[in-house]
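Undergrad:
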Amino acid sequence: MSQFQSLSEVFAALRRRAFLIVLVFVLGCAASVFIASQQGKLFEATAVVQIEDARVTEDMTDSMTAQATGREASRRVRLIEQRLMARDNLIEILDTFDLFPDAVSFSERVFMLRSAITLDELRGNAQPWQTDVVPSGLSITVRLDDPEDAAAVANELMGSVIAQARSRSATRTAETLSFFDAEAARVATEISEAENEIADFKRENSDALPEGLEALRTQLAALRDQLLTLDREILALENNAARLRAASQERQVDLLNEQKGLIEARIDRIEADIARAPEIERTLAGLERELDQLQERYSVVGRRRADAEMAQVLLEREASDRYEVLETALPPETSISRSKRKVAAAGGVASLFLALGLALLLEIARPVIRTPAQMEHQLGIVPVVSIPTVRSRRDHSRRRWLWTGGLLALVFAVIAALRAVSAGLGDAGLIERLLPGRTEF
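Numbered per the working numbering, the sequence shown spans residues 0 to 440.
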């Protein structure tokens, strides 16, 4: 059932809880003033680095000196950002500008500085998901409580970005050229070793090389013909044994058999060479294939090395991608922090609503029938007569003392809080700043 049936009952409930409302409202206002006074001014300074495209386009040079793709350019920018926000670099900035000297620990100072720096890539009208778009610049924003420090730190970071970009490009180009020099020397050594291995293999297997295989077959046919001729001569000698003397016949047959044995041995060697020729051919083909691969790799390394040399030339002539100062950071004239008066006023309004809400919540949590209309509405009983509460002079006196004491305690608490705030800020005109006659702090 509803506790309030009309606005008059609501106002009556608020009057009954007036002390609580005033207490919560005054304490809330004091807390709002304290929070507003503790809020320091924050100044924002922004420096912008422009990323210029390579002056020599891809149509003029090969892939290594061509304009980098958007993904590669973004990766380089992210690497620079990571180095920029590294702990050692931030510590150097903290020591140089003596930032956050009141911080409890050095790690807290590093965290506060890292939180005060914002790095954003500038991509024109590109959407956030379009990572292949080449960034056109890098925005460096610093938020500190001193405008001079904010501008100085932003410019220091901008100079560090440019220096790191140039150093990284020079180092990367030099390392690339050194790598391809070493790779070219290594591949040249491997080519020399492969050529020596092929020469040794050909020398050891000269009889079974593919280019001499036809000659071997021709020689084998000729030897077989000679062998057949010798067999015929031996047969003829044996058939003419009656017309020759025995000693002469035997000597001629032995000589022919000796020639036959030599020819047969030569035939066996040739047949063996022909039999292993396919294996020799496969092995030689593998060695030559490895040599061709090494020579192709050497050609690729030579082209890459030429590209690296061109990249170094472009870097020396500043014709490659460059990081330049587009906009230096200037000390901001106004702070970006919220107005102290607005913070205090918002806290006061919130305190009032909180006090009213708390009072009504207590009334709803402890429902009490206080008027004849509430009894009739909630119980359906029409009271014959209502007798008001009769308080004695002692009750009235006690009530007045309680209100007076409470109000005095609140006043003293508010005055003490304001004095503490003014002493902490070293600003004697804090209350005057919160007066309606002033427009800003």
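C-beta atoms are modelled at their ideal positions from N, C-alpha and C, and glycine is treated no differently.
What's the gap between the Cα of valine 299 and the Cα of alanine 221?
TA: For valine 299 and alanine 221, the distance between alpha carbons rounds to 50 Å.
Undergrad: Tell me whether isoleucine 116 sits in a helix, a strand or coil according to DSSP, three-state version.
TA: Of the three classes helix, strand and coil, the one that applies to isoleucine 116 here is strand, per DSSP.
Undergrad: What does DSSP give as the partner residues of arginine 365 in its beta bridges?
TA: Paired residues: none, contrary to the question.
Undergrad: What did DSSP end up calling glutamate 51 once you bin it into helix, strand or coil?
TA: Looking at glutamate 51 - three-state DSSP - the assignment turns out to be strand.
Undergrad: Would you call lysine 339 buried or exposed, if buried means 16 or more other Cβ atoms sit within 10 Å of its Cβ?
TA: The residue in question, lysine 339, is buried, as its Cβ has 16 or more Cβ neighbours within 10 Å.
Undergrad: Using alpha carbons as the reference points, say which of Arg16, Ile20, Ile161 lies closest to leucine 78.
TA: Among Arg16, Ile20, Ile161, the Cα nearest to that of leucine 78 belongs to Ile161.
Undergrad: Straight-line CA distance for threonine 145 to glutamine 163?
TA: In the sequence as presented, threonine is not what sits at residue 145; that position holds aspartate. Distance between the alpha carbons of aspartate 145 and glutamine 163: 27 Å.
Undergrad: So the candidates are Phe96, Val186, Asp101, Ser106; which of them puts its Cα closest to the Cα of glutamate 85?
TA: Here residue 85 is alanine; the residue named in the question, glutamate, does not match the sequence. The option with the nearest alpha carbon to alanine 85 is Ser106.
Undergrad: CB-CB under 6 Å to serine 62, same chain, minus the five flanking residues each way: which ones, in chain order?
TA: At serine 62, the pLDDT of 44 sits below 50, so the modelled position is not reliable and the matter cannot be decided from this model.
Undergrad: Who are methionine 143's beta bridge partners in DSSP?
TA: The sequence shown places leucine at residue 143, not methionine. Beta-bridge pairing links leucine 143 to Phe42.
Undergrad: Tell me where the alpha helix (DSSP H) around arginine 86 begins and ends.
TA: Arginine 86 -> alpha helix (DSSP H) spans 86-96.
Undergrad: Kindly indicate which three-state DSSP category arginine 321 falls into: helix, strand or coil?
TA: Arginine 321 falls in the strand class under three-state DSSP.
Undergrad: Over the uninterrupted alpha helix (DSSP H) stretch that includes alanine 35, give me the two end residues.
TA: Its alpha helix (DSSP H) spans residues 17-37.
Undergrad: Are phenylalanine 179 and alanine 307 touching if we call contact CB-CB under 8 Å?
TA: Against a cut-off of 8 Å, the Cβ pair of alanine 307 and phenylalanine 179 comes out as a contact.
Undergrad: Considering only DSSP beta bridges, list what glutamate 326 is partnered with.
TA: In the DSSP output, where bridge partners are listed per residue, glutamate 326 has Val47.
Undergrad: Distance check for serine 36 and alanine 150, CA to CA, integer angstroms please.
TA: Distance between the alpha carbons of alanine 150 and serine 36: 25 Å.
Undergrad: Is it buried or exposed for alanine 198, if we count other Cβ within 10 angstroms and need 16 for buried?
TA: Looking at its Cβ environment, which holds fewer than 16 other Cβ atoms inside 10 Å, alanine 198 is exposed.
Undergrad: Assign threonine 95 to buried or exposed, taking buried as 16 or more other Cβ atoms, counted over all protein chains shown, within 10 Å of its Cβ.
TA: Threonine 95 is exposed by the Cβ-count criterion.
Undergrad: With distances taken from CA atoms, which of Pro331, Val186, Gly356 is nearest valine 141?
TA: Measuring from the Cα of valine 141, the nearest candidate turns out to be Pro331.
Undergrad: How close, in whole Å, do the beta carbons of serine 98 and arginine 108 come, if the pair is a contact with beta carbons under 8 Å?
TA: Inspection of the sequence shows that residue 98 is occupied by leucine rather than by serine. Confirmed, Cβ separation roughly 7 Å.
Undergrad: Can you tell me the Cα-Cα spacing of arginine 14 and alanine 29, whole angstroms?
TA: Cα to Cα, the separation comes out at about 22 Å.
Undergrad: Apart from the five residues on each side of it in sequence, which residues of its chain come closer than 7 Å, Cβ to Cβ, to glycine 301?
TA: Around glycine 301: Ala183.
Undergrad: How long is the line joining the alpha carbons of arginine 392 and arginine 399, rounded to whole angstroms?
TA: Arginine 392 and arginine 399: Cα-Cα distance of roughly 11 Å.
Undergrad: From this set, Ser177, Ser73, Arg397, which residue's C-alpha is nearest serine 135's C-alpha?
TA: Comparing Cα-Cα distances from serine 135 to each of Ser177, Ser73, Arg397, the minimum goes to Ser73.
Undergrad: Going by Cα to Cα distance, which pick from Ile190, Leu286, Ala153, Phe10 is closest to phenylalanine 200?
TA: Looking at the Cα atoms, Leu286 is the closest of the given residues.
Undergrad: Exposed or buried, glycine 260, counting other C-beta atoms within 10 Å across all chains shown (16 or more means buried)?
TA: Exposed, since its Cβ has fewer than 16 Cβ neighbours within 10 Å.
Undergrad: In three-state DSSP terms, what is serine 104?
TA: DSSP places serine 104 in coil when its eight states are reduced to three.
Undergrad: Could you check whether leucine 83 and serine 159 sit closer than 8 Å to each other, using their CB atoms as the reference points?
TA: Yes; because the gap between Cβ atoms is below 8 Å, this pair is in contact.
Undergrad: In terms of alpha-carbon separation, which member of Leu254, Leu137, Gly356 lies closest to alanine 46?
TA: Minimum Cα distance to alanine 46 is reached at Leu137.
Undergrad: Would the beta-carbon of valine 324 fall within 8 Å of that of methionine 157?
TA: Taking 8 Å as the Cβ cut-off, valine 324 and methionine 157 qualify as a contacting pair.
Undergrad: Are the CB atoms of asparagine 154 and alanine 364 nearer to each other than 8 Å?
TA: Cβ distance not < 8 Å, so asparagine 154 and alanine 364 don't count as in contact.
Undergrad: Consult DSSP for serine 135 and reduce its assignment to one of helix, strand or coil.
TA: Of the three classes helix, strand and coil, the one that applies to serine 135 here is coil, per DSSP.
Undergrad: Determine, using beta carbons only, whether alanine 358 and leucine 89 come nearer to each other than 8 Å.
TA: No.
Undergrad: Measure the C-alpha to C-alpha separation of arginine 304 and leucine 293 and round it to an integer number of angstroms.
TA: Using only the alpha carbons, I get a separation of about 16 Å.
Undergrad: Can you tell which of Glu263, Ile335, Val76 has its C-alpha closest to the C-alpha of glutamate 51?
TA: Taking only the C-alpha atoms, the option nearest glutamate 51 is Val76.
Undergrad: Note down the Cα distance separating isoleucine 262 from asparagine 256, rounded to an integer number of angstroms.
TA: Cα to Cα, the separation comes out at about 10 Å.
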